[in-house]
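Scroll down for the structure; my scribbles are underneath it.
In the numbering used here, the protein residues as written are 1039 to 1267.
Here is the structure:
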């Protein structure tokens, strides 16, 4: 009987839609990854990076100096130190409010996503762009963008957790919209600063969204079986 109820939960339209979204995001990541390995994206990637630089000067991003400074501030929102502080603060709050299993879910989902990002970078081992000057300090490989992937999965996961506590649909949509905007701005800043190819960021967004949605589905099923806090 429990198996029947479990299958019924999965067959609900909302969870089916999430499963379809996860599948689509994973397909996008795989397709982009294959194109990158084959070198098919180099021309488009290069054209976009150069379009964001002043004509004749690959070291000068388009726009006034304050825009580049703002991009560095925004890109920090997707860094490991900043996101680590956000996750630790959210986890502490959940523990203080008695939601131990939700806190554990948050830690497992985000830590697992960070590990997945590191493993994917090592597997693809794509060099950073050398076409333009870097506007930020970088150490790891380029594909996928860790900032884009981790910011997407962290902000979307937190957005989903907060949205579940809000009564009105417009409030839920606002929170999820902010989460999407933050991850979008972080990814765009990586391209603007010249530290990632555009396809790195696209793949990072896809992988981060798939990870966050997949864990959201797990949390929904877990909660419906009476195992969540």
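In this text, a Cβ means the ideal position worked out from N, Cα and C, and glycines have one as well.
Does DSSP put residue i in a helix, a strand or coil?
{"i": "residue 1171", "result": "coil"}
{"i": "residue 1164", "result": "coil"}
{"i": "residue 1077", "result": "coil"}
{"i": "residue 1151", "result": "helix"}
{"i": "residue 1097", "result": "strand"}
{"i": "residue 1139", "result": "helix"}
{"i": "residue 1092", "result": "strand"}
{"i": "residue 1232", "result": "coil"}
{"i": "residue 1179", "result": "coil"}
{"i": "residue 1207", "result": "helix"}
{"i": "residue 1221", "result": "helix"}
{"i": "residue 1103", "result": "helix"}
{"i": "residue 1267", "result": "Since pLDDT at residue 1267 reaches only 44, below the 50 mark, its modelled position is unreliable, and no value is offered."}
{"i": "residue 1084", "result": "helix"}
{"i": "residue 1127", "result": "helix"}
Suppose contacts are defined by Cβ-Cβ distances below 8 Å. Is residue i in contact with residue j by that definition?
{"i": "residue 1257", "j": "residue 1063", "result": "no"}
{"i": "residue 1204", "j": "residue 1213", "result": "yes"}
{"i": "residue 1232", "j": "residue 1189", "result": "no"}
{"i": "residue 1225", "j": "residue 1185", "result": "yes"}
{"i": "residue 1087", "j": "residue 1167", "result": "yes"}
{"i": "residue 1249", "j": "residue 1154", "result": "yes"}
{"i": "residue 1220", "j": "residue 1115", "result": "yes"}
{"i": "residue 1237", "j": "residue 1083", "result": "yes"}
Sort the options by Cα distance to residue i and report the nearest one.
{"i": "residue 1178", "options": "1188, 1195, 1163, 1099", "result": "1163"}
{"i": "residue 1141", "options": "1152, 1199, 1120, 1103", "result": "1199"}
{"i": "residue 1254", "options": "1221, 1158, 1146", "result": "1146"}
{"i": "residue 1121", "options": "1212, 1193, 1230", "result": "1193"}
{"i": "residue 1111", "options": "1242, 1218, 1174", "result": "1174"}
{"i": "residue 1191", "options": "1166, 1215, 1148, 1225", "result": "1148"}
{"i": "residue 1156", "options": "1183, 1091, 1125, 1237", "result": "1183"}
{"i": "residue 1103", "options": "1114, 1123, 1075, 1230", "result": "1230"}
{"i": "residue 1234", "options": "1072, 1107, 1113", "result": "1113"}
{"i": "residue 1181", "options": "1239, 1128, 1208", "result": "1239"}
{"i": "residue 1217", "options": "1206, 1132, 1251", "result": "1251"}
In angstroms with no decimal places, state the Cα-to-Cα distance between residue i and residue j.
{"i": "residue 1227", "j": "residue 1078", "result": "23 Å"}
{"i": "residue 1158", "j": "residue 1169", "result": "23 Å"}
{"i": "residue 1136", "j": "residue 1061", "result": "34 Å"}
{"i": "residue 1069", "j": "residue 1134", "result": "43 Å"}
{"i": "residue 1187", "j": "residue 1076", "result": "22 Å"}
{"i": "residue 1055", "j": "residue 1139", "result": "25 Å"}
{"i": "residue 1108", "j": "residue 1080", "result": "27 Å"}
Keeping to the same chain, check which residues put their C-beta closer than 6 Å to that of residue i; ignore five residues upstream and five downstream.
{"i": "residue 1067", "result": "1241, 1244, 1245"}
{"i": "residue 1097", "result": "1171"}
{"i": "residue 990", "result": "Nothing about residue 990 can be reported from this structure: the residues present for the chain run from 1039 to 1267 only."}
Leaving out five residues before and five after residue i in sequence, what residues of the same chain have Cβ atoms less than 7 Å from its Cβ?
{"i": "residue 1210", "result": "1201, 1204"}
{"i": "residue 1128", "result": "1144, 1196"}
{"i": "residue 1176", "result": "1166, 1233"}
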